[in-house]
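The numbering used here applies: residue 3 is where the sequence shown begins, and numbers increase by one.
Structure record follows, encoded as structure tokens.
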Amino acid sequence: MNQIFFSSTLMWNAALPELFRAAREFQAEGIELWAQQFDSRGYREAECLSLLDRCPLPIFVHSKTWDLNFASVNRRIRRASLDEIRNSIDLAAKLHARELTVHPPRESLCGNRPLYQELAYRGLEEIFRYASRSGVSVSLELMEKIPKEIMTTPDDVREITRGLYREFSYTVDVAHCDNEKELFNHLRDLPKVSKIHISNRRGATYHTLLSDGDFSFRRLWPALERSGFPLVIEGFDASGQYTMLRENIKYIQKLKENLQ
């Protein structure tokens with residue numbers, strides 16, 4: 003049976019205790035905590051550990067990603083990006099997270115792909131060494147096929163990670179796939195899938211409600227359940243009403259009922 007997690011970005015303006023109350027209310031098995039919220043929302047590690055003591059839940063930590071690019075042509079941007087990811091590794095270690103989700107870097111300008119692949123590999127080497135010393139597992143996420151992204155397929159992963167290919171685990175995001183066939187090819191072809199991010203998409207609009215988009219989760223759900231991977235509900239909601247999370251949880255409950 004899959005564990006159902008939800009991303010803390012679905013409750014962007016929530017205080018930490020609200021996240022844990024929501025997990026209990028919705029009977030979620032875990033939370034993926036975005037490291038950015040510890041800065042942007044003022045979350046405190048000590049408070050999070052206290053909440054985990056009172057409400058023990060498995061957690062993933064999602065590394066900071068916004069404005070970062072450790073394959074940038076700008077050396078200082080590369081350094082700052084890697085420092086922020088190291089900070090996210092430290093957070094994952096302190097919170098005893100199952101793993102840290104890391105977005106791969108991208109091109110600064112379209113073109114000269116070998117340069118960005120080399121810079122990406124050097125950054126991944128540093129991330130892997132630091133995470134290993136910290137006792138943190140790193141899961142690289144395959145990205146959507148938009149300009150400048152350089153890790154969107156298993157072939158890209160092999161080409162960029164080189165000898166580290168089997169050292170990382172991988173996060174597959176349904177909304178980053180073009181169709182169901184590609185999704186299941188990713189799950190088959192990658193060496194160590196650790197979880198699946200679930201949300202829908204409408205064309206180039208990503209992370210819509212599960213019930214609203216190009217993918218039929220009614221058709222996908224039985225196969226997702228059979229996969230056994232943890233499923234993390236994704237999206238972004240800063241409204242304070244947390245409508246996306248509530249609607250997605252209700253929809254998943256209906257999907258499960260249909261399988262009984």
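Here a beta-carbon is modelled for each residue, glycine too, at the ideal position from N, C-alpha and C.
Because the structure is a prediction, the values reported are computed rather than measured.
In three-state terms, what does DSSP make of residue i?
i      : result
Gly205 : coil
Thr67  : coil
Val195 : strand
Arg46  : coil
Asp55  : helix
Gly237 : coil
Ser213 : coil
Thr154 : coil
Val75  : coil
Asp180 : coil
Tyr118 : helix
Val138 : coil
Glu143 : strand
Trp14  : coil
Glu34  : strand
Tyr244 : coil
Arg108 : strand
Leaving out five residues before and five after residue i in sequence, what residues of the same chain have Cβ atoms less than 6 Å from its Cβ?
i      : result
Glu151 : Arg108 and Met145
Tyr118 : Ala73, Glu109 and Ile152
Glu34  : Phe7, Ser9, Phe62, His64 and Val234
Tyr244 : Met13
His209 : Ala177, Ser201, Glu236 and Gly237
Residue i to residue j, Cα distance in whole Å?
i      : j      : result
Phe149 : Cys112 : For clarity, residue 149 is Pro in the given sequence; the question names Phe instead. Each residue's alpha carbon lies about 7 Å from the other.
Asn76  : Ser65  : 21 Å
Leu247 : Ala240 : 11 Å
Leu261 : Asp216 : 22 Å
Thr155 : Glu184 : 9 Å
Phe130 : Thr103 : 12 Å
Ser83  : Leu70  : 5 Å
Ala30  : Asn114 : 44 Å
Ala48  : Leu21  : 15 Å
Pro1   : Arg164 : The requested residue 1 is not part of the displayed model; the chain covers only 3 to 262.
Asn15  : Leu53  : 18 Å
Arg78  : Glu101 : 27 Å
Glu182 : Leu226 : 11 Å
Arg46  : Leu97  : 11 Å
Arg228 : Glu259 : 15 Å
Asp55  : Glu128 : 32 Å
Trp36  : Gly242 : 17 Å
Report the CB separation of residue i from residue j in whole angstroms; it is logged as a contact under 8 Å.
i      : j      : result
His199 : Asp175 : 4 Å
Asn80  : Leu121 : The sequence as given places Arg at residue 80; Asn does not occur at that position. Right, their Cβ atoms sit about 7 Å apart.
Leu189 : Arg220 : Going by Cβ atoms, the distance from Leu189 to Arg220 rounds to 19 Å, so no, they are not a contact pair.
Glu249 : Leu222 : The Cβ separation is near 17 Å, so there is no contact.
Leu142 : Phe170 : 5 Å
Ala177 : Ser196 : That belief does not hold up - the Cβ atoms of Ala177 and Ser196 are roughly 17 Å apart, past 8 Å.
Leu59  : Ala24  : Actually they are not in contact, since the Cβ atoms of Leu59 and Ala24 sit about 11 Å apart, beyond 8 Å.
Arg160 : Lys194 : Going by Cβ atoms, the distance from Arg160 to Lys194 rounds to 13 Å, so no, they are not a contact pair.
Trp68  : Gln38  : 6 Å
Tyr136 : Asp92  : Sequence inspection shows Ser at residue 136; the Tyr mentioned does not correspond to that position. The pair is a contact, with the Cβ atoms about 7 Å apart (cut-off 8 Å).
Arg203 : Tyr132 : Wrong, their Cβ atoms sit about 33 Å apart, outside the cutoff.
Suppose contacts are defined by Cβ-Cβ distances below 7 Å. Is residue i in contact with residue j by that definition?
i      : j      : result
Gly205 : Leu12  : no
Ser9   : Val234 : yes
Pro224 : Gln5   : no
Gly32  : Phe7   : yes
Ile61  : Ala99  : yes
Tyr253 : Ser218 : no
Val138 : Ala95  : yes
Which residues in the same chain as residue i place their Cβ atom closer than 7 Å to its Cβ, once the five residues preceding and following it in sequence are excluded?
i      : result
Asp191 : Pro156
Ile251 : Phe28
Gly230 : Asn4
Asp158 : Ile152
Asp41  : none
Pro19  : Leu53
So, at 8 Å on beta carbons, what are the nonlocal neighbours of residue i in its own chain, with the 5 sequence-adjacent residues on each side left out?
i      : result
Ile162 : Pro106, Gln119, Ala122, Tyr123, Leu126, Ile152 and Met153
Lys147 : Thr154, His178 and Asp180
Cys57  : Phe22, Ala25 and Arg26
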